[in-house]
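A.B. asks: In this note's numbering, the protein residues as written are 14 to 146.
Every residue gets a Cβ at the ideal spot worked out from N, C-alpha and C, and that includes glycine.
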Amino acid sequence: MQVPTEKVQDGVPPVLQGKYWAVTIRGSKNVQPTHEYFYTTKDGFVAKHTKDGNFTAKWMIYRQMEDNDYILNGSDTKDLSMAYWIFIEPNKNWTKIKIGYTHLPINQSLKHYPSYYCRSTATRVSKVTAILH
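Structure (structure tokens):
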């Protein structure tokens, strides 16, 4: 799938800067839930405790879609031949988002539409919670 490029912008969307999110993953009833944390910096995207471990994407570009969803793309800081695609679908007041991501070679296109990747619901958390965990 090709992402249209007519409204692609450099950096991180201002509406996402300074926002911190947590996804709660519930296991069986005898196991404590785990948490994944996501946040943006002025020039990057940080994910902690995901199924793929911790990662940072830098040198970001993004596009705001007609329905207010966002597609972000940034280079993997550990392997510059790879890129992270991050997909965010906010609710109306940004208290929750649906979030997803994929990790692909830098010259490979997406195989699915963004909604395919947005499988986790994240809620806002404090900066301290997101950074310290």
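Determine the closest residue to I99 out of T108, F58, N106 and K91, with distance taken between C-alpha atoms.
C.D. replies: F58
A.B. asks: What would DSSP say about V141, mapped onto helix, strand or coil?
C.D. replies: helix
A.B. asks: If we count the other Cβ atoms within 10 Å of its Cβ and call it buried at 16 or more, is G66 buried or exposed?
C.D. replies: exposed
A.B. asks: For S88 and W107, what's the separation of their Cα atoms in angstroms?
C.D. replies: 26 Å
A.B. asks: Got a sec? Which residues, its chain only, sit under 6 Å from Q77 by beta carbon, not counting five neighbours each side?
C.D. replies: Y83
A.B. asks: Hey, G24 and M95 are a contact pair by Cβ (cut 8 Å); roughly how many whole angstroms apart?
C.D. replies: Actually they are not in contact, since the Cβ atoms of G24 and M95 sit about 20 Å apart, beyond 8 Å.
A.B. asks: Helix, strand or coil: which one does DSSP assign to S128?
C.D. replies: helix
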